[in-house]
Structure formats: C-alpha cells, structure tokens
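These protein sequence lines are chains Z and A, in that order.
Residue numbers for the first sequence, in our numbering: 720 to 1015.
Residue numbers for the second sequence, in our numbering: 3 to 342.
C-beta atoms are modelled at their ideal positions from N, C-alpha and C, and glycine is treated no differently.
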Amino acid sequence: MEDAIRATYKRHPLLEFFRSLKKNFGAMAGMILIIFFVLLAIVAPLVAPHDPTILFEDALRLPPIFSEGGTSKFLLGTDDVGRDTLSRLIFGARVSMTVGFSVVFLSATIGSFLGLLAGYLGGKTEWFIMRAVDILMAFPSVLLAMVVVSIMGPGLMNAIVAVAVVATPGFIRIVRAEAISQKSKEYVMAAHSLGASPARIMFREVFPNCTAPLIVQISLGFSDGILNVAALGFLGLGAQAPTPEWGTMLADARAFISSDPWMVTLPGLCILVVVLGFNLFGDGLRDALDPRLKGV
Amino acid sequence: MPNFILHRLKDMIPTLFGVSLLAFILIRLIPGDPAMLLLGERGADPEVYQAMRKSMGLDQPKPVQYLNFLKNAVQGDLGRSIVSKKSVTREFFDRFPATVELGLCALIFAIILGIPFGIIASVKRNSFFDYFLMGTSLVGYSMPIFWWGLILIIIFSVHLGITPVSGRINVIFDVQTITGFYLIDTLINPELIEEEGFAPFFSAVRHLILPSIAMGTIPLAVIARMTRSSMLEVLNQDYMRTAKAKGLSLMRQVLVHALRNAFIPIITVIGLMLGSLVTGAILTETIFSWPGIGKWLVASILALDYPVIQGGLLFIAFMIVTINLTVDFLYVLINPQLRK
Chain Z
720 MEDAIRATYK RHPLLEFFRS LKKNFGAMAG MILIIFFVLL AIVAPLVAPH
770 DPTILFEDAL RLPPIFSEGG TSKFLLGTDD VGRDTLSRLI FGARVSMTVG
820 FSVVFLSATI GSFLGLLAGY LGGKTEWFIM RAVDILMAFP SVLLAMVVVS
870 IMGPGLMNAI VAVAVVATPG FIRIVRAEAI SQKSKEYVMA AHSLGASPAR
920 IMFREVFPNC TAPLIVQISL GFSDGILNVA ALGFLGLGAQ APTPEWGTML
970 ADARAFISSD PWMVTLPGLC ILVVVLGFNL FGDGLRDALD PRLKGV
Chain A
3 MPNFILHRLK DMIPTLFGVS LLAFILIRLI PGDPAMLLLG ERGADPEVYQ
53 AMRKSMGLDQ PKPVQYLNFL KNAVQGDLGR SIVSKKSVTR EFFDRFPATV
103 ELGLCALIFA IILGIPFGII ASVKRNSFFD YFLMGTSLVG YSMPIFWWGL
153 ILIIIFSVHL GITPVSGRIN VIFDVQTITG FYLIDTLINP ELIEEEGFAP
203 FFSAVRHLIL PSIAMGTIPL AVIARMTRSS MLEVLNQDYM RTAKAKGLSL
253 MRQVLVHALR NAFIPIITVI GLMLGSLVTG AILTETIFSW PGIGKWLVAS
303 ILALDYPVIQ GGLLFIAFMI VTINLTVDFL YVLINPQLRK
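Shown next, in the form of structure tokens:
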C-alpha cells in the first residue's frame, strides 16, 4: 500500500535532481572544491598572510617551509621579486573566480540569446547565426583569443572579453539544438494558439526548458574560461604584473624552472585543481540532468 | 552522396568567405601601421612612407584591399613577413612539417593509451580500475598543458636528465630537409647514416617525447572517456550476450565484437579533436621551443607581424574547416546507417 502511494507521488524535479547529484561522488567532490575556492576568493584579504603586491626585498625566491631554507613567515616561499607566494595564490583564487564568472556570464547570455533566435525562428536568421558560429569555430580558441587581445591590448579585462567571444559559439549551438527540439512540443503550440508573441514564447516558454544542457555547459564554461585566460596570461597577453593571476605567475616563474621548481609547480596546481572541480561538477550535473545517462 | 554532405559542402563556401573576411578585418583592427612597421627607422620620410603604402596596396579603399587579398590568397600569395621579409606561404610550409610531426606523435600517444584505458574501464565497470582510470582521465582533461609541459621538463629533464629541454634535434646534427619530418629525414639520408649512424634519429625521438606527452594528454583523456562510454553502450547489446553465450573468450568478445561497433564515435571524436590540437600546438611549441606553426604565430602576434597573423589565421581556419568536412565524410562512409 505504502509503495503504491509512493509510486504515484512524484517528487519535485528539483528535489529529484539534488538526490541524483548527491549520489554522485565526483559531483560532490567537484562542488566541495568549487565552494572552497569561492570562499577563499571572498575572504582572501582575511586569510592571506601578506599583501600580494608587497615586495620583501630581503626575501627573494625563498622556498616553501617544508623545503630546506623555508621560513614560517612565507609558508609557500616568495617569488623572484620577493612577493609572498601563498598570498598571491589566495588572491589568485579571487582573480580566477572573477574570470570564470565573467566569461560565463558574457558568453552564456549572448550565446543563449542568439541560440534561441536561431533555434526558434529558423530560416535566414538561423542560417546567418550558424554561419557566424562556423566561422568562429574554424579558428582555434587560444589563437583567436590572442588576436582579439592584440587588438584591444593586453590586460585581464580584455583577455576575459576575448575568451568570452571564443566561448560564445558553444552556448549558441547547445541552446539552438534544445530550442529546435522544444519548438514542436505541444506547450509551445498551446502558447502560440493563445496568441502569445514570438518573443514571449521564446523567452518565457522555450528558454526555461532549455536550461538543463545550459547548466552543464555553464559549469564546463567556467573551466574552459579559467584555463584559456590563464593560457593568455602565460603567453604574456592576459593579466599584467602585479595582478596575482596564476597563469601570469607561471610565466614569470618559467625562468627559474631549474633553480626553483616550486615557483612553477604551485600556480599551475591551483589552476588544475579549480578546473578539475568545475569539470567534476559539470560531469555530475550532466549525469543527474540527463535521464538517458542515469545509471550508466 | 547523401544530401547531408552536399549541404555541408554548400555551407562551407560562405564559411570560408567569412573566415577570410574575419581574418582581414581583425588584422586591420590591430592598432599600428603596417607600412610604418615595415619601414622601421626610415619611416620618417613622408614620401617614402606614401610610396610604401602604395606598394602595399594600403592606399586603396578597404573593399578593394579585401578583393586583392582574396585574389592573392587564392594564388598562394599571402604577402611578406614584416620581421623576416620572407613570403608568408613559404614560411608556413617550412614550419608545417614540424607541427604535423609533433601532432601525429601526440595523437599516436593518445590513441595507444586512450583506447585500452577506455576498454579496461568499460569492461571492469564500477571497479577500482574504472574509477582510477576515469579519475585520472578527468585530471588529464583538466590539465593546463602550459603547466604540464613545464612539470614534465622539471621531472624528466632537470631531475632525471633523460630528455632534452627544447628544440627538435641536437644542434650538432646537420639534417637536410627532405620531407621535413625529422624522424624520416634522419633515416633516409645515406650520408648522414654513414657519418653519424642512428644517433640523429634517436636524438629526434628523444626531443619528441616530452612535447608529445604534453600535447597528447588532453586528447588521451578525451579518447579514454569516449571509448568507455561508447563501449558501455555496445556491451549492453543483445549480440554481446550472444557472443558470451557462444563461449567466446573475453578478449574476443571485447576486441572483435564490441570494439568494432564502438569505433564510430571514437573515430569521430578523434577527428574533431584535430582542430583543438592546434591550440595544443600553440602552447606546447611555446614551452618546448618547437620550431612549428604554433610558436611562429605566437611570436608574430607579439611582434604584430600583420601579414603573418593574417595568413596564419587563414591557413589554419582553412585546415580546420577541411578536416571537419573530411570527418563528416568519413563518418558517413563508416556508418552504414547513413549510407543511402
């Protein structure tokens, strides 16, 4: 009897989704990593032992405390001009989270809008938008971002814009594909016959039903965005000194690769862990949101 | 030929036009004056400057400039590099074999390890092996390769001293360019073999190891994950149960019956990855001073060498569009369901 009641009672889809997510070890691990770095970014000034831009001229290229010659004043050592590595890494979380959020915000907003237009309106609009997507996707992402940055000049803001431009086609494609499959559903026809305007149908009816793949893409967009902006920083086109950006720190440390390998190791490790967090979470989201993959 | 290929061909033409137009516009948006850059110090004389602009076609209206650029590009003329004064096309093809050699080695590394990893993970699904291999793949997939390359250098070159840090071959060997692939050029030149034996060949191999690993890591992860999910789908099919019921060995079940049917998505994903390998090449070549297209483009962008950036963008985009079309075509060829 109880089973029968339970079978007819359907949980809220959101609750179902969280239950599914909770069972996924990878997704939970990813979420913990993301929460850790977000909190770190928020409280950076409180937990960082030093100002990340202060130069300690008597403490150049000190090794971390666990290495010979390290001091407790600089737990993870200092860089070539005497800035505290730990503080720079902590403030770097702030830069990276801002970068990820900005890239995703820009590319997801513009990408969803154009993807909806292409998918719902079809015809010439779709043809033009999809050709633009083809054109942008014909260029390797980092290369195109590099050219865009060289137009606007190097810097963190410009790197973010460039990477967002490169990330937009992915969002357009995903939202368009979903909009096309939603377009022929009955609820859209119902809205149409009730006299709803195309704009209303697109944004109020179709779009909310496109969110499942969009959310996954957003999570993966964070990792791509952080990785690409760090790559630009590494190539000298992203954040400029003294901004504590992990990719730029890596580029500065390259010269000391054989003498002070930890200077190279730490910033890259941070990039890897953050990106891994978003990828784990994105993977878990996909499993939880896509019923076809459930249990596989 | 199925309609879908014809459609793709029809869409490819406006895409290629768009690509050339975008390359043309982007270059003109970069601040600075190419004629001034080319003249360098002597740019002060206005008459020489005007003559230079005229010879470069910069005095023409923009649409005319674009048509000229297109006309020349079709004939293989992409102008001259401001830095080296050499023809861009020439410079591109001088460096292209180095990038292809590295890219192929990276891809081979990724395939040789990625497919077995994916197979093991799928056959031993939900076991320790599965979790370990897929966890490692996700780490590989998240890898900032510009950092990974440096870590490989720290471990294998600085600490263990078994691999060189940069370049394609030890500079003491004078390898004549025949095919442009050092792995081949060091073996087919009888004089070189007589003088040095196989030392140049092994030097080329040792130089290739670290860059191939760095560049192949992300493709390796993608291939392993794709192989696993594609195999899992196949392993659930009825014919797999039949194969098992017939008493076939696990090896035969997996390799002959399952893998063959799981191959289509794996090949597709490998094909589509060729484009993103170029991004890998840009970062890998920069780290290992590999004299290929990627390093050349980075240097040109930093030096604002307009003709090279424009030509390089065009070449690479053209290559990627062609590769994607070929992948679609192969996809139809190997998938009987799409063949009509």
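{"Check": "Inside the segment 839-897 of chain Z only - beta strand (DSSP E) runs reaching at least 3 residues", "Outcome": "none"}
{"Check": "Rounded straight-line distance, which links the Cα of Z/Pro888 to that of Z/Trp965", "Outcome": "26 Å"}
{"Check": "Touch test, the segment 180-188 of chain A against the segment 87-99 of chain A, Cβ-Cβ under 8 Å, three pairs minimum", "Outcome": "yes"}
{"Check": "Interface positions of the segment 125-151 of chain A facing chain Z (Cβ-Cβ less than 7 Å), listed along the chain", "Outcome": "Leu140, Val141, Tyr143, Ser144, Met145, Pro146, Phe148, Trp149"}
{"Check": "Close-in-space but distant-in-sequence residues of the same chain around A/Leu1 (CB under 8 Å, 5 per side omitted)", "Outcome": "Given a span of 3 to 342 for chain A in the structure shown, any question on residue 1 of chain A remains unanswerable."}
{"Check": "Start-end ranges of the alpha helix (DSSP H) lying completely within the segment 741-794 of chain Z, minimum 4 residues", "Outcome": "744-761, 763-766"}
{"Check": "Buried or exposed by the 16-neighbour rule on C-beta atoms within 10 Å, applied to A/Gln178", "Outcome": "exposed"}
{"Check": "Any chain Z beta carbon closer than 8 Å to A/Leu104", "Outcome": "no"}
{"Check": "Pairwise C-alpha distance: Z/Lys843 and A/Ile15", "Outcome": "16 Å"}
{"Check": "Within 8 Å, strictly: CB atoms of Z/Leu752 and A/Ser144", "Outcome": "no"}
{"Check": "The segment 959-980 of chain Z: positions lying closer than 9 Å to chain A by Cβ", "Outcome": "Trp965, Gly966, Leu969, Ala970, Ala972, Arg973, Ile976, Ser977, Pro980"}
{"Check": "For Z/Ala898 and Z/Thr772, the rounded distance between their alpha carbons", "Outcome": "48 Å"}
{"Check": "Rounded Cβ spacing between Z/Ala958 and Z/Ala878 (contact assumed at less than 8 Å)", "Outcome": "7 Å"}
{"Check": "Residue span of the alpha helix (DSSP H) that contains A/Ala223, given as start and end", "Outcome": "201-237"}
{"Check": "Cα-Cα separation, A/Phe320 to A/Leu210", "Outcome": "27 Å"}
{"Check": "Helix, strand or coil at A/Ser139 according to DSSP, with G and I counted as helix", "Outcome": "helix"}
{"Check": "Below-8 Å beta-carbon distance, Z/Ile870 vs any chain A residue", "Outcome": "yes"}
{"Check": "Straight-line gap, Z/Ala970 to Z/Arg738 (C-alpha atoms, nearest Å)", "Outcome": "43 Å"}
{"Check": "Straight-line Cα distance separating Z/Val861 from A/Leu115", "Outcome": "26 Å"}
{"Check": "Exposure label - A/Leu8; buried when at least 16 CB within 10 Å", "Outcome": "exposed"}
{"Check": "A/Pro192: first and last residue of the uninterrupted alpha helix (DSSP H) it sits in", "Outcome": "192-198"}
{"Check": "Pick from Z/Pro768, Z/Val757, Z/Val907 that is closest to Z/Lys792, judged by C-alpha positions", "Outcome": "Z/Pro768"}
{"Check": "Within chain Z, partners of A/Asp357 - CB distance below 9 Å", "Outcome": "The structure shown does not extend to residue 357 of chain A, since chain A is modelled only from 3 to 342, so the question has no answer here."}
{"Check": "Spatial distance of Z/Val1015 from A/Leu237 (CA atoms)", "Outcome": "The predicted model places Z/Val1015 with a pLDDT of 38, which falls under 50 and marks its position as unreliable; any figure quoted below should be read in that light. Cα to Cα, Z/Val1015 sits roughly 11 Å from A/Leu237."}
{"Check": "Where A/Arg82 falls: helix, strand or coil (DSSP)", "Outcome": "strand"}
{"Check": "Beta-bridge pairing of Z/Asp803 - partner residues as DSSP gives them", "Outcome": "Z/Thr797"}
{"Check": "Whole-angstrom C-beta distance between Z/Ser815 and Z/Ile945, which should lie under 8 Å", "Outcome": "5 Å"}
{"Check": "Sub-8 Å separation of A/Leu189 and A/Phe203 beta-carbons", "Outcome": "yes"}
{"Check": "Min CB distance Z/Leu752 to chain A below 8 Å", "Outcome": "no"}
{"Check": "Under 9 Å from the C-beta of A/Ile318: neighbouring residues of chain Z", "Outcome": "Ala857, Phe858, Pro859, Leu862"}
{"Check": "Where Z/Met876 falls, given that 16 or more other Cβ within 10 Å makes a residue buried", "Outcome": "exposed"}
{"Check": "Which of helix, strand or coil DSSP assigns to A/Ser168", "Outcome": "coil"}
{"Check": "Short-range partners of chain Z found in the segment 16-28 of chain A, where Cβ spacing is below 8 Å", "Outcome": "Pro16, Thr17, Gly20, Val21, Leu24, Leu28"}
{"Check": "Cβ separation of A/Ile289 and A/Leu299, assumed to be a contact under 8 Å, to the nearest whole Å", "Outcome": "Between A/Leu299 and A/Ile289 the Cβ distance is about 15 Å, and since that is not below 8 Å, they are no contact."}
{"Check": "Rounded C-alpha distance that separates Z/Gly1003 from Z/Leu951", "Outcome": "28 Å"}
{"Check": "Euclidean distance between Cα positions of Z/Val800 and Z/Trp981", "Outcome": "15 Å"}
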